[in-house]
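Residue numbers 31 to 88, in the working numbering, belong to the letters of the sequence shown in order. Just so it is clear, CB atoms sit at the ideal spot from N, CA and C, and this is done for glycine as well. Working notes for the structure below.
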Amino acid sequence: MIGSCIMNEPLDLKDVTISSDPSLLDTAAILRFLHDSYWANKRSRSKILDSLKGSVLL
């Protein structure tokens, strides 16, 4: 659950799930992270969601 983590705080690995199941993606957290980044903050919500649909999870 990265969305609840603050970037400067250590990540508790008990809150992390590794899976190849796309239904487990926390899209709200992904959108928030990208919106707050300097390198992806101008990407539209629909473009991000479309890219997630086309991603291969390994």
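Item                                                                                      : Value
Distance between residue 54 and residue 75 (C-alpha atoms, nearest Å)                     : 18 Å
Residue 77, DSSP secondary structure in three states                                      : helix
Endpoints, alpha helix (DSSP H) assigned at residue 66                                    : 57-66
Assumed close pair residue 52, residue 88 - CB separation to whole angstroms, cut-off 8 Å : Wrong, their Cβ atoms sit about 12 Å apart, outside the cutoff.
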